[in-house]
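Just so we're aligned, residue 21 is where the sequence shown starts under this note's numbering, counting upward by one. These notes concern the structure reproduced below.
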Amino acid sequence: MKLLLTSGGVTNPSIHAALEQLLGKPVGHCHALVIPTAQWGHPMCGPASVRRLMAAGPGSPHLSGLGWASLGVLELTALPSIGSERWVPWVREADVLLVDGGDATYLAHWMRESGLADLLPTLPDTVWVGVSAGSMVMTPRIGKSFVEWSSAADDRTLGVVDFSIFPHLDAFPTNTQEHAERWAADLGGPAYAIDEQTAIKVMDGSVEVVSEGQWTKFG
Numbered sequence: 021m022k023l024l025l026t027s028g029g030v031t032n033p034s035i036h037a038a039l040e041q042l043l044g045k046p047v048g049h050c051h052a053l054v055i056p057t058a059q060w061g062h063p064m065c066g067p068a069s070v071r072r073l074m075a076a077g078p079g080s081p082h083l084s085g086l087g088w089a090s091l092g093v094l095e096l097t098a099l100p101s102i103g104s105e106r107w108v109p110w111v112r113e114a115d116v117l118l119v120d121g122g123d124a125t126y127l128a129h130w131m132r133e134s135g136l137a138d139l140l141p142t143l144p145d146t147v148w149v150g151v152s153a154g155s156m157v158m159t160p161r162i163g164k165s166f167v168e169w170s171s172a173a174d175d176r177t178l179g180v181v182d183f184s185i186f187p188h189l190d191a192f193p194t195n196t197q198e199h200a201e202r203w204a205a206d207l208g209g210p211a212y213a214i215d216e217q218t219a220i221k222v223m224d225g226s227v228e229v230v231s232e233g234q235w236t237k238f239g
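Structural data, given as structure tokens:
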């Protein structure tokens, strides 16, 4: 897939331009599916935050509220009960998957359980836009400090890319540069710390940081 891995979504013109480059056409001409599943695995999320995402208005201006031609919901926890013959065509017809934050290990679990993880390699033209956990799920590990789901066996995720992501740099008291450095040292592999004005674009094996803010590469 084509990946746009963000901390806070499409928050500035540079990230918006990168998104439209990946899509190959304007946002307003694209059909999107939004995936809220990661929210259910995080204690700070719940019905109200999912509702804001689904409303696609002022509460979520940087993801679902970007002005898509159409917007649908793909709830991964429901997919195993309805059969792939129903939901796979929905995914194949979408231009972009908008994957919100929450807990990345919970999201990874349901991507595997639903079959979406196995489908991804067959979607070379589809764009994956991740926010926070929706980006981290594509990495090999997220670091134990980011695991909030009590049933997670460890901090491993899907490993679609070979680097890890520390999101929300300087957005919270526990997401400072010092915290990011300790986190990266514990992981011992390539990693990026990114703020809300930064994204990582991955296309055809090429990795590019798109930023109007602050970011650091480790390893």
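Positions of the beta carbon are idealized from the N, C-alpha and C atoms, including for glycine.
- Between A153 and A124, the gap from beta carbon to beta carbon is short of 9 Å.
- T125: member of the alpha helix (DSSP H) spanning 124-134, first to last residue.
- For the options G44, E113, L73, L25, the alpha carbon positioned closest to that of H51 is the one of E113.
- Rounded to the nearest whole angstrom, the CA to CA distance from L140 to Q197 is 33 Å.
- In its chain, beyond the 5 residues on either side, E95, L96, T97, L127, W130 have a beta carbon closer than 7 Å to the beta carbon of T57.
- The shortest C-alpha to C-alpha distance from T26 to any of V151, A76, Q59, S134 is the one to V151.
- Secondary structure remark: continuous alpha helix (DSSP H) runs of at least 4 residues inside the region 129-170, in chain order: 136-139, 153-156.
- Note on F186: 16 or more other CB atoms within 10 angstroms of its CB, so buried under the neighbour-count rule.
- DSSP places V119 within a strand segment (E or B) once states are collapsed to three.
- The beta carbon of H188 lies closer than 6 Å to those of S27, N195 in the same chain, with the five residues before and after it left out.
- For the pair G92 and W110, the CB atoms are nearer than the 9 Å cut-off.
- Burial is judged here by how many other beta carbons sit within 10 angstroms of a residue's own beta carbon; H49 has fewer than 16 and is exposed.
- Around the C-beta of M21, 16 or more other C-beta atoms lie within 10 Å, and the residue is accordingly described as buried.
- Bounds of the alpha helix (DSSP H) holding H36 are 33-43.
- DSSP links H51 through a beta bridge to S90.
- Counting along the chain, A213 sits inside the beta strand (DSSP E) bounded by residues 211-214.
- In this structure, V157 sits away from D115, with a CB-CB distance that is not shorter than 9 Å.
- Judged by beta-carbon spacing, K164 lies beyond the 9 Å limit of D138, meaning their Cβ atoms are not closer than that value.
- Beta-bridge pairing by DSSP links T218 to S231.
- In this structure, V70 places its C-beta atom within 9 Å of the C-beta atom of W60.
- Using a Cβ distance threshold of 9 Å, A219 and T236 do not count as a contacting pair.
- Here L25 carries a strand assignment [DSSP, helix/strand/coil].
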